[in-house]
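Numbered according to the UniProt record's numbering, the sequence shown spans residues 1 to 232. Notes to accompany the following structure.
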Amino acid sequence: MQVPPFLKNCEFFKSKSSLCKKNKMASKFAVSVFLLSNLLSLTHAGADGDHASCHMTPAYPLPSNVKRQIVYCANKKRSLPWFDIDLDTDPYDRWKEIALTYKAEIQTVIDFIFHMNTFFQKDLLPIVEMRSSEILGRMPNDYGIEIEGLSAYTEVEVAKLIIVNSAYELSGLCTSIVAQNTDGSMYHGRNLDFGLYPGFNWTDFQWELTELLRPTLFNARMNKGGKVLYSA
Numbered sequence: 001m002q003v004p005p006f007l008k009n010c011e012f013f014k015s016k017s018s019l020c021k022k023n024k025m026a027s028k029f030a031v032s033v034f035l036l037s038n039l040l041s042l043t044h045a046g047a048d049g050d051h052a053s054c055h056m057t058p059a060y061p062l063p064s065n066v067k068r069q070i071v072y073c074a075n076k077k078r079s080l081p082w083f084d085i086d087l088d089t090d091p092y093d094r095w096k097e098i099a100l101t102y103k104a105e106i107q108t109v110i111d112f113i114f115h116m117n118t119f120f121q122k123d124l125l126p127i128v129e130m131r132s133s134e135i136l137g138r139m140p141n142d143y144g145i146e147i148e149g150l151s152a153y154t155e156v157e158v159a160k161l162i163i164v165n166s167a168y169e170l171s172g173l174c175t176s177i178v179a180q181n182t183d184g185s186m187y188h189g190r191n192l193d194f195g196l197y198p199g200f201n202w203t204d205f206q207w208e209l210t211e212l213l214r215p216t217l218f219n220a221r222m223n224k225g226g227k228v229l230y231s232a
């Protein structure tokens, strides 16, 4: 078990290391069962759409001296590119432009994740490879077909994309904020602080995965019926 440099002499970690080694196989089996049970239990979302509704009541009104406007102005040289995603197109080709644009960056991120997480590579990947068709078929809406298309255009194995997308949904790592304004519009903000231990740069105090994800960022306009539904 790897620990930060300043904790290497900590007795707690020394004692826990031997315990972790003894329970290594049991831990891998438990995590494998957890991930697979979630992957194979994917079902189509309900038709009523209530699961996507916000039921929160604002706890604190904005102070009277706070203006409801964007106060941060990004540097234009560092602004993100915009892409239009047409939800009326074939889901297999829906993300083609983005997949081809960021092909190298996506491959780098995926390679890093599977290099750092040997459990994904050695234990989980062979199982998902055997059942990838079943898992894709259980995914709601067009997600399964979209993943197949992404795999074709990025040349990343389907099973790896399934694992990365599922693990991302099952874990809670990035800092997120959801807010609602007075007219009911929803805003979702997320910090780019996604890490994967032990992939941490203790010199710069930054997650290595965060730095690899940064070049893959972009803005998207989600279109349907010739209208923009939302931007992300």
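Backbone N, C-alpha and C fix where the C-beta goes; we use that ideal spot for every residue, glycine too. Computed from a prediction, not measured in an experiment: that's the story for all the values here.
Beta-bridge partners of residue i, as assigned by DSSP
i	result
isoleucine 127	Beta-bridge pairing links isoleucine 127 to no other residue.
lysine 103	Its beta-bridge partners do not exist; DSSP assigns none.
asparagine 219	Trp82
tyrosine 230	Met222
tyrosine 187	Ala179
Rounded Cβ spacing between residue i and residue j (contact assumed at less than 8 Å)
i	j	result
tryptophan 95	glutamate 146	6 Å
alanine 99	tyrosine 153	4 Å
leucine 217	valine 109	So it is not a contact: roughly 12 Å between Cβ atoms.
methionine 222	leucine 87	6 Å
Candidates the options, of which the one nearest residue i by Cα
i	options	result
tryptophan 207	Asn191, Arg221 and Phe218	Asn191
methionine 116	Ile135, Ile106, Gln107 and Leu209	Leu209
serine 176	Tyr187, Thr182 and Asp183	Tyr187
arginine 131	Ile163, Tyr168 and Asp93	Ile163
C-alpha gap between residue i and residue j, whole angstroms
i	j	result
leucine 112	leucine 229	In the sequence on display, residue 112 carries phenylalanine and not leucine. Going from the Cα of phenylalanine 112 to the Cα of leucine 229 covers about 34 Å.
isoleucine 127	methionine 139	17 Å
proline 81	glutamine 121	33 Å
residue 237	proline 91	An answer regarding residue 237 cannot be provided, because it is not within the stretch 1 to 232 covered by the chain.
phenylalanine 83	glycine 225	17 Å
threonine 101	serine 166	23 Å
tyrosine 60	asparagine 181	For tyrosine 60, the predicted structure reports a pLDDT of 45, less than 50, and the residue's modelled location is therefore unreliable. A value from the coordinates is still provided. Straight-line Cα distance between these residues: approximately 12 Å.
isoleucine 85	leucine 125	30 Å
alanine 179	glycine 149	33 Å
phenylalanine 119	arginine 214	25 Å
phenylalanine 114	aspartate 123	11 Å
glutamate 97	alanine 104	13 Å
serine 133	tyrosine 168	20 Å
glutamate 129	threonine 203	37 Å
aspartate 50	serine 79	Confidence in aspartate 50 is poor, its pLDDT being 47 and thus under 50, which makes the residue's placement unreliable; the coordinate value appears in the next sentence. Each residue's Cα considered, the two are about 35 Å apart.
glycine 189	lysine 227	23 Å
Beta-carbon proximity list for residue i, same chain, < 8 Å, skipping 5 on both sides
i	result
serine 151	Glu157, Val158 and Leu161
tyrosine 72	With a pLDDT of 43 at tyrosine 72, under the threshold of 50, the modelled position of that residue is not reliable, and the figure given next carries that caveat. Contacts found: none.
Contacts around residue i, its chain only, beta-carbon distance under 6 Å, and the 5 residues preceding and following it disregarded
i	result
isoleucine 106	Thr154
alanine 232	Ala220
aspartate 183	none
Other residues of its chain near residue i: CB distance less than 7 Å, five sequence neighbours each side excluded
i	result
aspartate 93	Gly149
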